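Residue numbers (the numbering used here): 13 to 663.
In this text, a Cβ means the ideal position worked out from N, Cα and C, and glycines have one as well.
In this text the structure is predicted, and so the values were computed from the model without any measurement.
I have placed the structure first, in the form of structure tokens, so that the comments after it can refer back to it.
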């Protein structure tokens, strides 16, 4: 057994880091480091922003000519700091032979992670000299559509900009220094995650990462040390989420295979879609969009393992690539074997075999999903997003989330987005599912009556498509997911009419009693509301049901709670018959024998039946269905910048 203490291993790694360090003399003077043979990464404000410009790079007292291959844009006139990400890639024309290269770790380190920063500074006598300082990561600061990591606990001198930041947990270089917080103090500075290299020229980025992986595939000087660091970090924190993830050697084997895989993808499949297909439901969109298979793998490696003990997202992704079958049989077989080997070590062999064999043509109801959510600063304004849900776990965004808009403008934008996405899914004549994720105050709007197509003003959205609503509040609270999933599964065990219960919030159905009933009875999974969820006291009952994870609710739009026939008080759900039972009886009769997954189609048929009969008392005239499948949860999106309409407003 190797008994070399971690401190000595870290010291050896710090020495190797220093051998990768270079002095850069370009737009200004500062630091940089070798990422691949002959390829240096530094700050753009150090190297310069002009692709093709020549600069000087010094390594071990010898000067080399460097050419800027790609760099961030310079700042606008008068701006003190260069825009995010402030990165540059430089190629040495006559590169030295045998120099080492850092091992990149583009995952963001946890707060309180110790890091080593190295570079060149001239604070002592005006001559650039090497410097090393140990700091800690403590938080981050948003800057120009990006995030800067905060370095604390020591001085970040002028000249360290562009220098590498080595994580003491992973043993890899996770970022590079951008700026000091206050020169001449121990307030530390800021650094930029190396995943932001994706914002540069994509061809240069791919070349850099491919060369980096090829180098470390042959040269194990760094990886032997970083593996020891990572293993020791995990051993000292046995409850760390990294337990159950891939080892360093396994990760590098997958990197090698992924670099060999073809970039060709099935039609309409993007790297971002593949990321969401392998990630747990509700995962946020990556800060930097993935450009390669390796980027997807790296972003997935940063996620928590599945709570149910399933495959790590990285292995799920590689299994999906195997099933796509877009490469040579020999290469695909290597991917297949590595997935099974890694999964076997984790005791997840059966999970891996199931994922590898999953049929491509799984039954799936395509849908268009629209979402309205409040602005964080002004709840009278709403942001709009839409997706096409084209396959299990695959969501195609219509575009970025909109700026916050007044409600009428937000509704108009949602209508335009739905029209466009429905056309992309096959058009008005192709029945599909329309899922609208809405805050409580909009859940009872007349979306089903919208006429979206100028040439078919007689056609409504709800008669052409299977329109359902879903509660935004539940989708933005991950703590509600367990009960939601449990009730959804229970709902599949019987036909809907067998489990329907009527609630209204009156009598003994006050919020405390309802909450207690839901807590003790997971079979409460389908409700008929006695009126609109915007009317009291139904609203109170509706809010409890949302928090309890009830996945199916039906009501008559815009109605007040029906009057009791015999003045009896409302009793406990599932135990007493509803005194105001007319609408409840209609719903139960209409949905007799209907399975959970068939409810949206049945409601669409009811809306058409109401139009054929032409009577206002038909159940399909005003029926609204909340149908909320936890497996159809959209990706989390980052909050958009504050719009001009919001500036200066307060809640």
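Taking residue 319 as reference, the option from 632, 490 and 611 with the minimal CA-CA separation is 490. Within the DSSP secondary-structure output, residue 514 pairs in a beta bridge with 540. An exposed status is given to residue 136, since fewer than 16 other beta-carbon atoms sit within 10 Å of its beta-carbon. By the 16-neighbour rule on beta-carbons within 10 angstroms, residue 337 is exposed.
Of 455, 115, 36 and 468, the smallest CA-CA separation from residue 101 is found for 36. Burial is judged here by how many other beta carbons sit within 10 angstroms of a residue's own beta carbon; residue 496 has at least 16 and is buried. Distance from the CA atom of residue 502 to the CA atom of residue 536, rounded to whole angstroms, is 9 Å. For residue 89, there is no enclosing beta strand (DSSP E), as DSSP gives it neither H nor E.
Residue pairing by DSSP places residue 639 opposite 564 in a beta bridge.
Contact annotation: residue 237 and residue 47 have beta-carbon atoms that are not nearer than 8 Å. The Cβ atoms of residue 161 and residue 132 lie no closer than 8 Å to each other. Taking a cut-off of 8 Å for Cβ pairs, the segment 476-494 and the segment 507-518 do not touch, as fewer than three such pairs fall below it. Excluding the 5 residues flanking it on each side, residue 618 has same chain C-beta neighbours closer than 7 Å at 602, 631, 632 and 635, in chain order. When Cβ pairs closer than 8 Å are counted between the two stretches, the segment 512-521 is seen to touch the segment 549-556, the count reaching three or more.
The beta strand (DSSP E) runs lying completely inside the segment 104-144 and spanning 3 residues or more are 126-133, given in chain order.
For residue 230, the enclosing alpha helix (DSSP H) covers residues 214-230.
Taking C-beta atoms as the reference points, residue 211 and residue 270 fail to come closer than 8 Å.
Contact annotation, residue 26 with residue 144: C-beta distance approximately 7 Å; criterion of less than 8 Å satisfied. Under the Cβ criterion (8 Å, minimum of three pairs), the segment 64-71 does not count as touching the segment 178-191.
Approximately 19 Å separates the beta-carbon atoms of residue 117 and residue 151; this is outside 8 Å, ruling out the contact. When the five nearest sequence neighbours on each side are left out, the beta carbons in the same chain lying within less than 8 Å of the beta carbon of residue 607 are those of 504, 507 and 508, in order along the chain.
Look at residue 415 here: in three-state DSSP terms it is coil, with no helix or strand label. Sequence-distant partners of residue 222 (beyond 5 residues in either direction) whose C-beta falls short of 7 Å from its own C-beta, in its chain, are 271.
Pairing residue 377 with residue 643, the inter-Cα distance amounts to about 12 Å. Contact check for residue 447 against residue 486 fails: the beta carbons are separated by 8 Å or more. Inter-residue distance for residue 381 and residue 82 is about 38 Å (C-alpha atoms, whole angstroms). Between the beta-carbon of residue 394 and that of residue 368 there is about 42 Å, and that puts the pair past the 8 Å contact cut.
In the three-state DSSP reduction, residue 152 falls in the strand class (E or B). The three-state reading of DSSP puts residue 238 in helix, counting H, G and I together. Across the structure, residue 264 and residue 312 are spaced so that their CA atoms are roughly 15 Å apart.
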